[in-house]
Amino acid sequence: MSRLSRLSGRTWLRTGAVAAVVVSTLAVIGVAGPGRPAPAVKPAPSVRGSTDSGDSAVAQAAQAAQARPNIVFIMVDDMRDDDLRFMPWTRRLIRDQGVRFVNSFAPFPLCCPARASVLTGRYAHNHQVYGVNAPYAFPSFHDRSTIATWLHDAGYATVYVGKYLNGYGSMPRPGHRTGKSLHYVPPGWSRWRASIDGGLPASDPRAGGTYNFFDTTLSRNGEGFVNYRGRYQSRVYGELTEEIIRGRAPAARPYFLYVSYTAPHSGSPVEPDDPAPVRRNDGQLVDFLTTARPDDVKGRFDRRVRAAPGADWKDPDFSDKPGYLRAPPINAAERRAMLEVTRQRAEALSVVDSQVRRTVAAVEASGEARRTLILFTSDNGYFLGEQRRRQGKIFPHEPSLRVPLLLRGPGIAAGGRRHDPVTSIDLAPTLADLAGVTPPSRVDGVSVLDVARHGDRGWVRAVLTETGPMMGVRRNTNEAGQPLSSGGRRDVRFAIGVRTSRYLYVDLAGGARELYDLAKDPREYRNLVGVRAYAATQRELAQVLDRVRACDGRACAAPLPRSSPPARDAAPDLSG
């Protein structure tokens, strides 16, 4: 890593155009970080009036740096697609000024695997992060080639703020089995302000955590820690984001700013209005997890939110569901608890919404709004009663699979809607495309930049869905009886499926399967596996799944054998 990459605090913000030209020149001629190839950068156009070849190269590099856009990437945690209705500023300032992808999915709906996919453009079966606990969490993440390294090596200043992969700080760093990652800074980041997920002794006054919303500790470039005890985390992240953007402009060197909010994920402290544990109809006690929020937003949605989104999810016949979904109907006490969870999540998101407003205002005040892409999304969705799941994620049904995705920026017209599919693995290739960079390593996703700018091309590829290991469940063969593997390794995934424009088909370890016709059954009540009228569809989707279940690179974007009729109304737009 270059000296410029190791600068701490605001130093890198003030290095000026000379340092930016040097870094950009190195990127153009192919200098990369140790141990990884340089990304291919589109050559800069020639500069008129220059006769000296050396001066021309420097001028070209400077022009290329100035031509590449800034990128502000905003991610929240566990936000459902329909939660956008609680975020009017985000809708007004990003969606209405750009485009919304209405079919945006998290192929692996769980924090750590989803975030690894965002960073690498790879499915979980290729990046090997399957869960939030050992041995499939942060230490298993191969982070030598990510969107951060691609853009950093291409001359970008790269900044990370907020939640990183689960276990950062307390678990060993990638590739290690022992120790902690407290002082680890992943490759490619010029400035590192990630929250530690434990790791410091409880007696240390700096000790705080990612999921403690009023006691958060951020790394200071791996060299030290800053604790924000007593301050609400989302507002801290908004303030830091504003400072970084204001400190960046004006500058010749473009920046990539990744801001990762923990809200509306559950976390501490316990609050007086949190629901008490509730007993299900089968006697099992359910602990409803809640987020935390500042006092000034409590009660903000009490009149507006009268029920949890899945409170009216009532499947009269649950016998067609596989065993992992089997649960008794949700009773009235549980519905009241789910209502409180929904309201608290909305309140936490309203704080994030105000920070989005603050971020966009900073971009516009910098004078660089026209050359800045702003992207808003979530790592995964969330169940709130659907499929009788009181809360949670992981599984590939619509509430968990769908995530919001909004983009505004250069070349993107205001007020657009796109129906083509886009997933977590497409985000890194899209940002690389925007920056004029070809990833130096293989990716499974595709750029959707042209779709954002010019319109839909048609849903012609399947979206692979994955769910990680489950205790006591082993995967043996596919529907055709063939042994299963993932990239030549033992397949530890529990549920693997494909989502098309009309259908969801899921193959479960142990032999059970699910098939839903989203055009006729958008809430996924009826499992159509074994229904004669859908036998041909089931066979075709099983064949598609067999082609992509262990796909790698371009094979993951293989076209469907035939295009299913669109199911554009499968998920009603409740975002406001």
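Numbered according to this note's numbering, the sequence shown spans residues 33 to 608. Built from N, CA and C at the ideal position, the CB exists for glycine as well.
Which ranges would you report for the beta strand (DSSP E) in the region 238-306 if only whole runs of at least 3 residues count? 249-251, 257-259, 287-292
Just how far apart, CA to CA, sit His159 and Cys588? Within the sequence shown, the letter at position 127 stands for residue 159. Within the sequence shown, the letter at position 556 stands for residue 588. His159 and Cys588: Cα-Cα distance of roughly 14 Å.
Compare the Cα-Cα distances from Ala283 to each of Ala72, Arg100, Gly342, Leu125 and report the closest residue. Position 251 of the sequence shown, counted from the start, is the residue given in the question as residue 283. Nearest C-alpha to Ala283: Arg100.
Contacts around Arg132, its chain only, beta-carbon distance under 6 Å, and the 5 residues preceding and following it disregarded: Start at 1 with the first residue of the sequence shown, and residue 132 comes out as number 100. Excluding sequence neighbours, Arg132 sits near Leu438, Arg449.
Going by other Cβ atoms of all chains shown within 10 Å of its Cβ, with 16 needed for buried, is Ala512 buried or exposed? The residue you call residue 512 lines up with position 480 of the sequence shown. Confidence at Ala512 is low in this model, with a pLDDT of 45, below 50, so its placement is unreliable and the value that follows should be read with caution. It is exposed - the Cβ of Ala512 has fewer than 16 other Cβ atoms within 10 Å.
Just how far apart, CA to CA, sit Ala609 and Asn559? Lying before the first or after the last residue shown, residue 609 is absent from the chain, which here runs from 33 to 608.
Using alpha carbons as the reference points, say which of Arg285, Ile276, Gly240, Glu274 lies closest to Arg263. Residue 263 sits at position 231 when you count from the first residue of the sequence shown. Closest option to Arg263, Cα to Cα, is Gly240.
Please look up how many angstroms separate the CB atoms of Thr242 and Lys195, rounded, as I've assumed it's under 8 Å. Reading the sequence shown from its first residue, position 210 is the one you call residue 242. Reading the sequence shown from its first residue, position 163 is the one you call residue 195. Rounded, the Cβ-Cβ distance is 5 Å, consistent with contact.
Please confirm if the region 478-490 is in contact with the region 452-469, defined as three or more CB-CB distances below 8 Å between the two stretches. yes
When we look at the beta-carbon of Pro593 and count the other beta-carbons within 10 Å, is it buried (16 or more) or exposed? Position 561 of the sequence shown, counting from 1, holds the residue named residue 593. By the neighbour-count rule (16 or more Cβ atoms within 10 Å), Pro593 is not buried but exposed.
Beta bridge counterpart(s) of Asn102 as assigned by DSSP: Residue numbering aside, residue 102 sits at position 70 when the sequence shown is read from its first letter. BP columns for Asn102 point to Thr404.
Among Ser149, Pro442, Asp109, Asn412, which residue has its Cα nearest to the Cα of Ser432? For the purposes of this step, residue 432 is taken as residue 400 along the sequence shown, with counting starting at 1. Of Ser149, Pro442, Asp109, Asn412, the residue nearest in Cα terms is Asn412.
Assuming contact is defined by CB atoms lying nearer than 8 Å, are Tyr537 and Leu496 in contact in what I supplied? Counting from one through the sequence shown, the residue named residue 537 turns up at place 505. Counting from one through the sequence shown, the residue named residue 496 turns up at place 464. Cβ distance not < 8 Å, so Tyr537 and Leu496 don't count as in contact.
Limits of the unbroken beta strand (DSSP E) element including Arg223: By one-based count along the sequence shown, residue 223 stands at place 191. From DSSP, the beta strand (DSSP E) with Arg223 extends over 223-226.
Three CB pairs or more closer than 8 Å across the region 249-264 and the region 153-171: no
Give every residue of the same chain whose Cβ lies closer than 6 Å to the Cβ of Ser136, excluding the five residues on either side of it in the sequence, and list them in chain order. As a position in the sequence shown, residue 136 is number 104, starting the count at 1. Around Ser136: Val435, Leu437, Val454.
Consult DSSP for Asp344 and reduce its assignment to one of helix, strand or coil. To locate residue 344, count along the sequence shown from 1; it is residue 312. In this structure, Asp344 counts as coil in the three-state DSSP scheme.
Sequence-distant residues of its chain with Cβ nearer than 6 Å to Arg420 (five each side left out): Residue mapping note: residue 420 aligns to position 388 of the sequence shown, counting from 1. The residues are Ala359.
For Phe118, name the three-state secondary structure that DSSP assigns. The residue you call residue 118 lines up with position 86 of the sequence shown. Helix at Phe118.
DSSP on Arg38, reduced to helix/strand/coil? Indexing the sequence shown from 1 puts residue 38 at position 6. Reliability of the predicted coordinates at Arg38 is poor, the pLDDT of 35 falling under 50, and no value is obtained from them.
With a cut-off of 8 Å on the beta carbons, I'd call Pro145 and Asp175 a contact; round off their distance for me. As a first step, residue 145 must be located in the sequence shown, where it is residue number 113. As a first step, residue 175 must be located in the sequence shown, where it is residue number 143. Not confirmed; about 14 Å, so no contact.
I'd like to know whether the C-beta atoms of Ala169 and Gly201 end up nearer to each other than 8 Å. Position 137 of the sequence shown, counted from the start, is the residue given in the question as residue 169. Position 169 of the sequence shown, counted from the start, is the residue given in the question as residue 201. Not in contact: Ala169 and Gly201 (Cβ atoms no closer than 8 Å).
Have a look at Gly417 and Pro428 and give me their C-alpha separation to the nearest angstrom. On the sequence shown, residue 417 is found 385 positions in, with the first residue counted as 1. On the sequence shown, residue 428 is found 396 positions in, with the first residue counted as 1. Cα to Cα, the separation comes out at about 15 Å.
Taking Arg522 as the reference, which of His215, Pro501, Gln387, Gly163 has the closest Cα? In the sequence shown, residue 522 corresponds to position 490, counting from 1. Arg522 has its Cα closest to that of Pro501, out of His215, Pro501, Gln387, Gly163.
Using a Cβ-Cβ cutoff of less than 6 Å, which residues in the same chain neighbour Gly628 once the five nearest sequence positions on both sides are dropped? A query on residue 628 cannot be resolved here, the shown segment of the chain reaching from 33 to 608 and no further.
Which one of Val469, Ala369, Asp385 has the shortest CA to CA distance from Arg422? Stepping through the sequence shown from its first residue, residue 422 is reached at position 390. Here the closest residue by C-alpha is Ala369.
Use the C-beta contact count for His613: other C-beta atoms within 10 angstroms, 16 or more gives buried, fewer gives exposed. In this structure the chain extends from 33 to 608, so residue 613 is not present and cannot be described.
Every unbroken alpha helix (DSSP H) within the region 114-187, with a cutoff of 4 residues, ordered by chain: 143-152, 156-159, 179-185
For Asn363, which residues from the same chain have a beta carbon less than 6 Å from its beta carbon, with the 5 sequence-adjacent residues on both sides left out? One-based indexing of the sequence shown puts residue 363 at position 331. Taken in chain order, the residues that qualify are Asn313.
What residue range is occupied by the uninterrupted alpha helix (DSSP H) comprising Ala568? As a working note, residue 568 is residue 536 in the sequence shown. Run containing Ala568: 567-580, per the alpha helix (DSSP H) assignment.
What would DSSP say about Val392, mapped onto helix, strand or coil? Here residue 392 corresponds to residue number 360 of the sequence shown, with the count starting at 1. Val392 falls in the helix class under three-state DSSP.
Less than 8 Å separating the beta-carbons of Ala189 and Tyr287? Taking the first residue of the sequence shown as 1, we reach residue 189 at position 157. Taking the first residue of the sequence shown as 1, we reach residue 287 at position 255. Their beta carbons are under 8 Å apart, which means Ala189 touches Tyr287 by this criterion.
Selection from Gly355, Thr470, Tyr414 that minimises the alpha carbon distance to Phe526: Along the sequence shown, one-based indexing puts residue 526 at 494. For Phe526, the nearest C-alpha among the options comes from Gly355.
DSSP state of Gly424 mapped onto helix, strand, coil: Translated into the one-based positions of the sequence shown, residue 424 becomes position 392. Gly424 falls in the strand class under three-state DSSP.
Ends of the alpha helix (DSSP H) at Asp465? Position 433 of the sequence shown, counting from 1, holds the residue named residue 465. Taken as a continuous stretch (DSSP letters only), the alpha helix (DSSP H) holding Asp465 covers 456-466.
Could you check what DSSP says for Val55 in three-state terms: helix, strand or coil? Along the sequence shown, read from residue 1 onward, the residue named residue 55 stands at position 23. Reliability fails at Val55, whose pLDDT of 37 lies under 50, so the model's placement of it is uncertain and the value that follows must be treated cautiously. Val55: helix per DSSP, three-state reduction.
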